[in-house]
Amino acid sequence: MMRLRDAGVGTQVHYIPVHRQPYYRALYPGLSLPGADAYYERCLSLPLFPAMNDNDVDTVVNALAGILTDAA
61 MMRLRDAGVG TQVHYIPVHR QPYYRALYPG LSLPGADAYY ERCLSLPLFP
111 AMNDNDVDTV VNALAGILTD AA
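With the numbering used here applied, the sequence shown corresponds to residues 61 to 132, in that order.
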């Protein structure tokens, strides 16, 4: 997320698992859902919105490709 931000690409956490929400933590204290937690730890949302133009898409794709290439 930080490297994408540094490249001018904003990201967000895709979702926070339901069992981590305050209501459900209170309802089911100590509940462990390792699959949901593992997904949460590795998933994020890339920019996607109706007003995106080709330059916006190129910025996201190029930034992500560069980061993934560096990681290989």
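Ideal Cβ positions, reconstructed from N, Cα and C, are used throughout, including at glycine.
| Item | Value |
| --- | --- |
| Rounded distance between the beta-carbons of Gly68 and Pro107, thought under 8 Å | Not confirmed; about 10 Å, so no contact. |
| Ile76 beta carbon less than 8 Å from that of Arg99 | It should be pointed out that residue 99 corresponds to Tyr in this sequence rather than to Arg. Against a cut-off of 8 Å, the Cβ pair of Ile76 and Tyr99 comes out as no contact. |
| Alpha helix (DSSP H) runs contained entirely in the stretch 68 to 128, provided each spans 4 or more residues | 82 to 87 and 94 to 102 |
| Spatial distance of Ala131 from Arg85 (CA atoms) | 36 Å |
| DSSP state of Met62 mapped onto helix, strand, coil | helix |
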